[in-house]
Each structure stands twice: as structure tokens, then as C-alpha cells.
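In the UniProt record's numbering, the protein residues as written are 1 to 652. So the structure is just underneath, and the comments pick up after that.
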């Protein structure tokens with residue numbers, strides 16, 4: 001069943017055409033994404049479909065019985081009620097039905113009803129029908145559904161009585177999303193629903209939307225989220241909309257193939273066009289060939305020549321360099337406690353950062369990830385513990401709120417005031433690489449959009465040439481194209497990275513280590529985001545196995561006898577853990593072998609006379625050797641612990 005059809009839709013603002021001849025179709029249970037650059041018209045199209053914006057011409061068809069729910073970007077729930085009471089307003093009709101059921105039950109309990117058989121039969125029939133309707137509408141599960149969705153959005157029973165007016169902006173946005181999900185519209189329209197969600201909440205939302213009964217039309221810059229949820233992608237580009245079948249990764253592959261095909265076709269057309277123009281120019285003035293030239297001119301004028309596939313959509317083009325290389329030991333954090341205004345948010349934080357590490361810092365909202373970054377860059381004081389900075393470390397910091405930008409300055413002077421020795425042309429050249437050109441550079445900073453401020457902050461960061469980049473949510477506000485440019489710049493960056501991000505696609509492309517932060521400490525995983533998920537699940541499974549083993553050990557033989565059948569499951573789990581340990585042991589052995597080779601190379605160099613006589617080189621090589629030895633010792637400890645665990649599993 002079609003729940004939405006858009007035919008030949010046109011929309012302009014004054015003289016700027018935003019949407020031209022848009023066609024779009026959504027079937028029941030479809031999961032559809034709208035993608036495109038900032039300003040391409042995605043949100044405009046959603047608002048038109050939701051009935052919040054008018055359009056110039058075209059047709060939007062939504063069947064009368066289709067219920068549409070729309071959540072616009074940055075929408076926050078405004079209400080004077082508590083969280084629970086506001087959620088219950090969705091189910092007013094169910095509550096009325098429930099009250100009617102209770103009323104009929106009271107009437108049925110009255111002995112006088114039985115005296116009139118016809119009246120009694122009518123009441124029973126009404127009760128049966130109402131109970132059936134109540135059940136079909138979810139009357140017996142709406143409170144459980146509400147608790148489940150609120151829990152997924154990180155609202156717990158102790159929060160239910162809180163007034164909505166007391167919540168933060170991000171919490172009200174999450175609550176608006178929760179309310180819309182509970183209302184279960186036939187067509188769910190979401191504009192950037194992943195904003196303000198941490199990774200745990202994002203994972204919950206992905207699973208919820210996969211099982212959603214209705215159709216979904218969504219705008220999002222979260223590529224991992226799109227890969228998990230959607231099956232159709234519509235790209236909004238240069239006022240037109242193009243359909244691609246598949247998730248976001250499939251869309252990228254298909255778009256690349258289309259681009260290659262279109263570019264070849266465009267080049268052939270351009271060759272043909274050039275030949276026609278050359279023939280016309282050469283033969284139009286000759287009496288003998290003028291008719292042929294005029295005929296070719298008509299062909300030239302009648303032909304609809306392709307636009308270049310690139311169009312006029314410019315991309316940012318930048319990279320990060322360093323002024324001076326740091327030592328191998330970049331940052332050491334020991335027993336650190338962090339917080340603000342006397343309040344401790346997280347403690348027992350341990351961290352070792354070495355040159356060219358790419359470390360992603362993850363954890364739930366409110367655990368102190370941004371606070372830790374601000375403590376490292378010395379914007380916040382250390383509560384307790386120690387942070388040691390390595391030799392020649394120069395930090396560049398990206399603030400997700402762009403608080404370091406000066407609102408009343410122009411874009412040009414935001415850079416020029418910090419690098420006054422450069423001339424205006426050089427500053428304009430830098431800004432041009434971040435898509436600020438011409439009179440745009442004279443705009444005041446406080447008039448910029450979130451994406452423009454993000455690009456300006458990245459321009460300042462590039463100019464610093466720092467060898468340690470500390471980034472707090474660097475992909476926020478960036479469109480998909482800008483995210484890809486940033487990723488490529490960071491992949492080629494020769495320095496060290498420490499960053500906080502909820503963008504799992506970004507983490508997978510950039511990170512070589514993931515550090516999970518909690519209220520009680522930190523835990524390091526050697527790998528990208530998918531590796532982190534896999535290892536975390538392994539640790540959880542191991543903990544469950546140990547708990548199960550402890551419970552079984554505490555039971556008497558008589559109590560254990562009836563459950564002998566479950567030992568096969570324990571054996572399966574033990575075999576699974578054994579395989580996991582063997583894989584990890586093999587990985588550790590490979591890493592230790594690689595470190596041993598590196599140490600042997602350095603030790604050989606230290607024995608060379610020309611190096612032995614150079615004190616600075618000796619110190620540098622010795623420092624590098626010490627760090628390799630430290631890392632080797634840590635890996636060896638993990639290897640010993642895992643082998644001990646493996647021996648216990650085999651012996652049992």
C-alpha cells in the first residue's frame with residue numbers, strides 16, 4: 001500500500017529554485033532516507049510533505065486513513081506536565097475505553113442486571129466488543145510500551161515525575177522523539193533524529209525502527225545509522241531528487257558507478273558539441289557550405305546537452321599538517337578524577353597515548369567525555385590524579401559548541417587576527433578551501449549556520465599545525481560530503497588524535513583504539529568501533545559464564561541433579577570462550593612479535609658508533625625503546641592472563 005506519493009513537486013524561495021520536478025514514493029513498511037548537502041532542500045521537502053510549508057506546483061498524495069507523524073530538527077517537547085503524564089496524553093482514547101470497560105464491569109456486578117436477560121445480554125455484548133477493540137488498540141500493553149520507549153531514550157522510573165520544563169534542551173528533544181514513537185503513525189517522518197543521542201541510545205533506536213510497523217522517511221547525517229535502518233535512498237542534489245535502492249553504502253557504490261558512466265557520456269557529448277561548433281565556425285561564411293553549417297547549428301541548438309556530473313557543488317579541500325613532531329610518549333593519564341564545581345563525574349581514569357595513535361573516547365552522555373578533553377587541554381582543573389605531557393607536544397582543540405569563535409568578528413578577521421603576519425590573500429586562500437569565498441568572508445561569525453561555524457573552526461585548527469588534535473564531536477553540523485573530506489584529512493594527518501564522537505561510521509574509519517569511559521574508570525580496546533563492540537560482548541559473555549559457574553558451584557549435588565541437561569549449554573559457552581581466547585592470544589602474539597622486531601632494530605642502531613656518539617639520537621631512540629618495552633610488557637601480561645584462563649577452561 002502506498003502511504004505517500006510526491007509527483008512533479010516544485011518549490012522556490014523568491015528567485016532561488018529549491019526543488020524542481022521532485023518524484024518520491026513511500027510504501028507501507030518502507031524505510032526511506034533523504035540525503036544531500038546542507039541547504040540542498042531535504043528539510044524543506046519534509047516540511048512540505050508534513051503540511052508545514054506550501055509548494056508552488058505539483059501533487060502530494062497521502063491516503064485519508066494514513067496518520068502522519070513529523071519530528072523536525074532540534075524540536076523539543078514543551079509542556080507543563082510531568083514526563084509520564086505527558087506520555088499518557090497520547091493514550092487518551094485508550095483511557096476512555098478503559099474507563100468504559102470498568103463502568104460495564106460495575107454494571108455486570110450488579111445483581112439487578114441478571115433480572116433482565118435481554119439487558120444483560122446487551123451489556124455482555126457491549127463489553128465483549130469493547131474489550132476486543134481495547135485489546136486490538138494495545139490497551140493491555142500501552143503502559144509497558146511507554147516504559148520501554150522511555151528507557152530506550154534514557155528516561156528511567158525515577159525520572160517519570162520530573163516536570164518537562166526542568167529538562168535540558170537535549171532531553172526535551174529525546175522526549176519529543178519518544179512521544180512520536182509511542183503515537184505510532186503510519187508514516188513516521190524524522191529530521192535528524194540522531195542529534196543529542198549517545199551510542200547506546202542510537203543502537204536502541206536502530207533496533208526499534210527496524211521492527212517499526214509503519215513506514216519511515218528520514219533525514220540523517222549518521223551513515224552507520226542509515227546503513228542499519230534504511231533500504232531506499234533518495235538523494236537531493238541541484239534541486240532534483242534521484243532514487244537509489246539499498247542502504248547508504250549501496251547508495252555510495254551506485255552513485256560512484258553512475259558518476260563514472262555519466263562522466264563518460266558527458267565527455268562524448270562535449271566532443272560531439274565541440275566538433276559541431278568547429279564545423280559551424282569554419283563553414284558558416286562560405287556560400288557552398290553555409291546551408292550545411294546552418295543545419296548543424298539547428299542540431300546544436302535543439303540538442304539538450306548534459307550538465308557536468310560535478311555540477312556547481314564545490315567541496316571543501318583541506319588537510320592537517322604538523323609544525324614539529326612530538327616524542328613517542330604523547331600523553332599519560334594516571335588515576336585521574338574529573339568534574340566541575342566540586343562535583344566528580346568520573347574517576348580512576350588511566351590512559352596512555354603514543355605518537356600517531358588514533359583514539360576514540362566513547363561512553364554514555366553525562367559520563368564526562370567532553371569534561372575529560374577540557375581537563376586535558378587545561379580548560380578545567382584536575383580534581384585528583386596526574387596528566388603528563390610528552391616532549392614537544394602541541395595541542396589543537398576543536399570545541400563542539402564552537403565557543404572559541406568570536407561572534408562579532410567577521411569570518412576574515414576570525415583568522416587574520418590570530419595570524420596577523422599573513423596577508424589578506426593568504427587568509428582568503430585558506431578560507432576558500434573551506435568554502436568561504438568573495439564577500440562571504442565579510443559575514444559576521446554570529447550569523448553563520450552550524451555547518452559554517454564548524455568549517456570555520458576546522459580552518460583555525462588547520463592553521464595551528466598542532467601535533468596532537470583533541471576533537472570534541474567534530475562531525476556535528478557537517479553534511480555527508482564535508483564529513484568525508486574531514487575523514488580523509490584525518491586519515492592522512494601525521495600527528496596524534498584523541499576524539500569524542502557519536503558517529504560510529506567516523507570512528508570505524510579513523511580509530512585504532514577505543515577507550516570507554518564510565519563513572520568508575522576507563523577501559524581500552526585495541527581496534528575500531530566494530531572491534532570494540534565485539535570485544536565488549538565477549539567480556540559480557542565471560543562475566544555471565546563466571547556468574548553462572550559461581551551459581552552452579554554454590555548449589556548442592558541434590559539441587560544440581562535436576563538441571564544436568566543444561567551442562568551442554570555451559571559446554572558450548574566454554575567452547576565459544578575458548579575460541580575467543582585463542583584468537584585474542586594469536587593477535588597478542590603477533591603484536592608482541594612485531595614489537596620485538598622493532599626493539600631489535602632500535603637496539604642494533606644504539607650499537608652503531610655514529611649514533612652512540614650522538615647524545616640526542618641516543619636519548620630519542622632510548623625513549624622509543626622504553627615505550628615499546630612498556631607496551632610489550634602490558635601485552636605479555638594480557639597474554640599470560642588469557643593463557644591461564646584457557647588452561648582453566650581446558651582442565652575443567
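From the three backbone atoms N, C-alpha and C, an ideal C-beta is built for every residue, glycine too.
In the DSSP assignment, residue 348 falls within the unbroken beta strand (DSSP E) covering 343-354.
For residue 452, the number of other beta carbons within 10 angstroms of its own is at least 16, and it is reported as buried. With 16 or more other Cβ atoms inside 10 Å of its own Cβ, residue 455 counts as buried. Taking C-beta separations shorter than 7 angstroms and ignoring five residues to either side along the sequence, the partners of residue 114 in its chain run 120, following chain order. The beta-carbon separation of residue 160 and residue 84, rounded to 4 angstroms, stays under the 8 angstroms limit for a contact. When 272, 321, 309, 436 are compared, the shortest CA-CA separation from residue 297 is found for 272. Between residue 123 and residue 102 the beta-carbon gap is near 13 angstroms, outside 8 angstroms, which marks them as no contact. Residue 457 and residue 402 do touch by the CB rule: their CB atoms are close to 5 angstroms apart, below 8 angstroms.
If you ignore the 5 residues before and after residue 394, its C-beta comes within less than 6 angstroms of the C-beta of 466, 467, all in its own chain and listed in chain order.
For residue 232, the enclosing beta strand (DSSP E) has its first and last residue at 232-237. Of the other Cβ atoms in all chains shown, fewer than 16 fall within 10 Å of the Cβ of residue 7; this residue is therefore exposed. When the five nearest sequence neighbours on each side are left out, the beta carbons in the same chain lying within less than 6 angstroms of the beta carbon of residue 32 are those of 26, 217, 232, in order along the chain. The region 404-434 is shown to contain whole alpha helix (DSSP H) runs of 4 or more residues at 411-416, 424-433, in chain order. Contact check for residue 221 and residue 480: beta-carbon distance about 6 angstroms, within the 8 angstroms limit, so the pair qualifies. The beta carbon of residue 173 sits closer than 6 angstroms to the beta carbons of 76, 196 from its chain, once the five residues preceding and following it are set aside; these are given in chain order. Secondary structure at residue 290: helix, using DSSP grouped into helix, strand and coil.
Look at residue 328 here: in three-state DSSP terms it is coil, with no helix or strand label. Distance from the CA of residue 238 to the CA of residue 645, rounded to the nearest whole angstrom, comes to 60 angstroms. The alpha-carbon separation between residue 625 and residue 153 amounts to approximately 48 angstroms. Under the three-state reduction of DSSP, residue 499 is assigned to strand.
Taken atom to atom, the span from the alpha-carbon of residue 541 to that of residue 604 is near 44 angstroms. For residue 631, the enclosing alpha helix (DSSP H) starts and ends at 615-651. Under the three-pair Cβ rule at 8 angstroms, the region 275-284 does not count as touching the region 60-77.
When the beta-carbon positions are compared, residue 513 and residue 322 stay at least 8 angstroms from each other. A Cβ-Cβ distance of about 4 angstroms is found for the pair residue 441 and residue 412, placing them in contact under the 8 angstroms criterion. Between residue 227 and residue 247, the CB-CB gap stays under 8 angstroms. Straight-line spacing of the CA atoms in residue 212 and residue 29 works out to 8 angstroms. With contacts defined as CB atoms closer than 8 angstroms, residue 397 and residue 470 qualify as a contacting pair. In the three-state reduction of the DSSP assignment, residue 141 falls in the coil class, being assigned neither a helical nor a strand state. The Cβ-Cβ distance between residue 522 and residue 349 falls below 8 angstroms. Distances from the CA of residue 444 to each of 474, 406, 400 were compared; the closest alpha carbon is that of 406. The beta carbons of residue 41 and residue 9 sit no closer together than 8 angstroms. Collapsing the DSSP output to three states places residue 384 in a strand. Around the beta carbon of residue 381, a 10 Å sphere encloses fewer than 16 other beta carbons of the protein chains shown; the residue is thus reported as exposed.
Rounded to the nearest whole angstrom, the C-alpha separation of residue 417 and residue 78 is 42 angstroms. Straight-line spacing of the CA atoms in residue 34 and residue 209 works out to 16 angstroms.
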